[in-house]
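In the numbering used here, the protein residues as written are -15 to 283.
If you want it as structure tokens, here you go:
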């Protein structure tokens, strides 16, 4: 059932120093991009941002980002399962250098845009950690680049952590029409699944058509480094199998000048939301919280 146009196993989109490289041309759409940069200790990488804005987000370890002569130090984290990270926004039409003394893995979430905003540092302490759902639909969302949290021109990006045995992105929802209460957004899911007991992690992702004119249809077994592209359609659930916690990075952008994440639930399953009021959030959540903000005197 998995359509290979929309499911990209780890390594299949690699380009140069990027283990993952998805741009509008390769995805067949207009806006959303994702790159995962892997640097050896002491290495550096240079790029021109072109017609897109980007957020550099450490997935593992720390890095230094220089954008048009301005330097940003990112403390990063050991892994996506260990904590919230700081990040940096870099605008379109900029020259950027990313280096890492220790080496590491860094996501570049991008969106084609029109307006050039200033480069900015995003502290880990400023990332809202949200708990969504309840019961076995409980999940954690790190809203570092959410539309209501961080200013960008078109880019929306968040991290979702789902404890083992839970389902997230549920009820299935879509955002493929520009209309009242729904925004048209192309979306990328990038997965990392925690290993456990010496075994590599595994999960599952479902996407299915939202109408007779829609063709996106995916039922994929996903592992660390896999990518699912969602140009349209109902998407969900994202299934964390028992024993293995799931992480995914969502990157979204679209044609609307109003940067907003407005979704429509599949009416067949929308009733599930009504059951959450009678359930508790999974007590394993949050897996972690953002560090406390410090004052100048405390630094």
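Where a beta carbon is used, it is the ideal one built from N, C-alpha and C, also for glycine.
Local Cβ density within 10 Å of residue i, reported as buried at 16 or more and exposed below that
i: residue 189; result: buried
i: residue 131; result: buried
i: residue 124; result: buried
i: residue 61; result: buried
i: residue 34; result: exposed
i: residue 285; result: Missing from the structure shown is residue 285; the chain here goes from -15 to 283 and no further.
i: residue 96; result: buried
i: residue 280; result: In this predicted model, residue 280 has a pLDDT of only 41, less than 50, meaning its place in the structure is not dependable; the value taken from the coordinates is given anyway. Exposed is the call here.
i: residue 183; result: exposed
i: residue 108; result: buried
i: residue 187; result: buried
i: residue 165; result: exposed
i: residue 88; result: buried
i: residue 259; result: exposed
i: residue -4; result: exposed
i: residue 196; result: exposed
Beta-carbon gap between residue i and residue j smaller than 8 Å
i: residue 243; j: residue 76; result: no
i: residue 41; j: residue 69; result: yes
i: residue 15; j: residue 202; result: no
i: residue 21; j: residue 6; result: no
i: residue 155; j: residue 219; result: no
i: residue 231; j: residue 64; result: yes
i: residue 212; j: residue 173; result: yes
Extent of the continuous alpha helix (DSSP H) run through residue i
i: residue 10; result: 8 to 11
Where residue i falls: helix, strand or coil (DSSP)
i: residue 164; result: coil
i: residue 245; result: coil
i: residue 120; result: helix
i: residue 207; result: coil
i: residue 135; result: coil
i: residue 256; result: helix
i: residue 110; result: helix
i: residue 237; result: strand
Unbroken beta strand (DSSP E) run spanning residue i, endpoints
i: residue -4; result: Premise fails: residue -4 is in no beta strand (DSSP E) and is neither H nor E.
i: residue 219; result: 218 to 224
i: residue 42; result: 36 to 51
i: residue 55; result: 54 to 61
i: residue 65; result: Residue 65 -> no beta strand (DSSP E), and no H or E assigned at all.
i: residue 33; result: Run containing residue 33: none; DSSP gives neither H nor E here.
i: residue 71; result: 71 to 74
Residues that DSSP places opposite residue i in a beta bridge
i: residue 16; result: 95
i: residue 29; result: 82
i: residue 213; result: 172
i: residue 146; result: 230
i: residue 189; result: 204 and 222
Residue i: CB within 7 Å of a non-hydrogen atom of the ligand MG
i: residue 66; result: Only the bare structure without any ligand can be found here, which leaves the ligand MG out of the picture.
Chain B contact for residue i (CB, 8 Å cutoff)
i: residue 56; result: You won't find chain B in this structure, because it holds only one protein chain.
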